[in-house]
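Enquirer:
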Amino acid sequence: MKNTVSTFQKMKDEGKKISMLTAYDYSTAKLEDEAGIHGILVGDSLGNVMLGYEDTISVTMEDMIRYGSTVTRGAKNALVVIDMPFMSYQTSVYDAVVNAGRLMKEARAGAVKLEGGVKFAPHIKAIVDASIPVMAHIGLTPQSINAFGGFKVQGKTEAAAKQLIEDAKAVEAAGAFAVVIEGVPAKLAKLVTEAVHIPTIGIGAGPDCDGQILVYQDLLGMFSDFTPKFVKRYADIGTIMKDAFSTYIKEVDEQSFPEEKHCYTINEEVIEKLY
Ligand code: KIV
Numbered sequence: 010m011k012n013t014v015s016t017f018q019k020m021k022d023e024g025k026k027i028s029m030l031t032a033y034d035y036s037t038a039k040l041e042d043e044a045g046i047h048g049i050l051v052g053d054s055l056g057n058v059m060l061g062y063e064d065t066i067s068v069t070m071e072d073m074i075r076y077g078s079t080v081t082r083g084a085k086n087a088l089v090v091i092d093m094p095f096m097s098y099q100t101s102v103y104d105a106v107v108n109a110g111r112l113m114k115e116a117r118a119g120a121v122k123l124e125g126g127v128k129f130a131p132h133i134k135a136i137v138d139a140s141i142p143v144m145a146h147i148g149l150t151p152q153s154i155n156a157f158g159g160f161k162v163q164g165k166t167e168a169a170a171k172q173l174i175e176d177a178k179a180v181e182a183a184g185a186f187a188v189v190i191e192g193v194p195a196k197l198a199k200l201v202t203e204a205v206h207i208p209t210i211g212i213g214a215g216p217d218c219d220g221q222i223l224v225y226q227d228l229l230g231m232f233s234d235f236t237p238k239f240v241k242r243y244a245d246i247g248t249i250m251k252d253a254f255s256t257y258i259k260e261v262d263e264q265s266f267p268e269e270k271h272c273y274t275i276n277e278e279v280i281e282k283l284y
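Here the working numbering is used: the sequence shown runs in plain steps of one and ends on residue 284.
In structure tokens:
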């Protein structure tokens, strides 16, 4: 059954945990969907894990549409949320609505996500008024990496913790259907989760959020540039891939691949006429 924003709210109301993963391509989205994931995020983390940038700053709307549309084609049941990249909404409320609309029309998103709390409440409200569901993202927001001065846990002082709660309340009041909380102390994330009615989706925010999200390459051991403390590795697919690649290289070198069963046949008479 297709998950929608209402499914997420129902799950919070019934005390059921929401699971989300990122995906950036058709095949991965299909596998996650078949496994029963509730929501898939086409994160602008694709800047790191797919495009090899150091951060998410250079990701464009065209990147999000190209990768996002492959995921929406692969996911039959999961709610697909597509990230609004850096400078696609910060510039004005008008730009926010136009670019959110592009993600819905051109990539067929089920919802969009943008980073920011109180300051971006007007942008969220305008997008929601255009009938586009918005997932907000507060705490450690990677598009603000240069303003933060690095990937640092957020909300550790009294003022910062109060601000985080205000941010969550503001995005809820603006109409966001859910909010991602990233890189904040677990006890603070619990307080935020209790302070709002919409579902909170945690990443590096402890077990008391209403749901969890991870970047799938982190979970599968496929990305080794950096591994945050909050990541749990569920499989070592990176090693399995490298071993398979090495075996293939060796077999090509030794000429043990391809074997007869991998070859197409032709009538011998045809071959003879070629000599
Ligand atoms: O871009 C992304 O993958 C994200 C998640 C880490 C929440 O925003």
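Ideal Cβ placement from N, Cα and C applies to all residues, glycine included.
Counting only the same chain and skipping the five closest in sequence on each side, list residues whose C-beta sits under 8 Å from that of F266.
Expert: Counting only residues of its own chain and dropping the five nearest sequence neighbours on each side, F266 has a CB closer than 8 Å to the CB of Y257, E260.
Enquirer: When every heavy atom of the ligand KIV is checked, does at least one fall within less than 7 Å of the C-beta of D104?
Expert: With a threshold of 7 Å, the Cβ atom of D104 does not count as near the ligand KIV, since no heavy atom of the ligand is closer than that.
Enquirer: What's the C-alpha gap between G119 and I91?
Expert: 8 Å
Enquirer: By DSSP, does I141 sit in helix, in strand, or in coil?
Expert: The answer is coil: DSSP assigns I141 none of H, G, I, E or B.
Enquirer: Would you mind stating whether V51 and Y33 have Cβ atoms separated by less than 8 Å?
Expert: yes
Enquirer: Roughly how many angstroms lie between the CA atoms of L123 and T81, to the nearest whole one?
Expert: Distance between the alpha carbons of L123 and T81: 18 Å.
Enquirer: Report the three-state DSSP secondary structure of S15 (helix, strand or coil).
Expert: helix
Enquirer: Is DSSP giving V89 helix, strand or coil here?
Expert: strand
Enquirer: Can you find the residues in the same chain that come closer than 7 Å, C-beta to C-beta, to G56, ignoring five residues on each side of it along the sequence?
Expert: Y62, D64, T65, S67, V68
Enquirer: Check whether the Cβ atoms of A183 and I141 sit closer than 8 Å, and answer yes or no.
Expert: no
Enquirer: Pick helix, strand or coil for S265, following the three-state DSSP scheme.
Expert: coil
Enquirer: Sorry if obvious, but does the Cβ on G52 come closer than 7 Å to a heavy atom of the ligand KIV?
Expert: yes
Enquirer: In terms of residues, what are the limits of the beta strand (DSSP E) holding T3?
Expert: Because the chain in this structure spans residues 10 to 284, residue 3 falls outside the shown range and cannot be described.
Enquirer: Secondary structure at S28, three-state DSSP: helix, strand or coil?
Expert: strand
Enquirer: Let me know the secondary structure DSSP gives E63 once reduced to three states.
Expert: coil
Enquirer: With hydrogens ignored, establish whether the beta-carbon of V224 is closer than 7 Å to any heavy atom of the ligand KIV.
Expert: The answer is yes for V224.
Enquirer: Considering only their Cβ atoms, is the gap separating N108 from M144 smaller than 8 Å?
Expert: No, they are not a contact pair.
Enquirer: Between the Cα of D219 and those of A195, R111, F254, M93, spot the shortest distance and give me the residue it belongs to.
Expert: A195
Enquirer: On a CA-only basis, which of F129, I154, V127, V188 is nearest Q18? Give me that one, please.
Expert: Nearest to Q18 by C-alpha distance, out of F129, I154, V127, V188, is V188.
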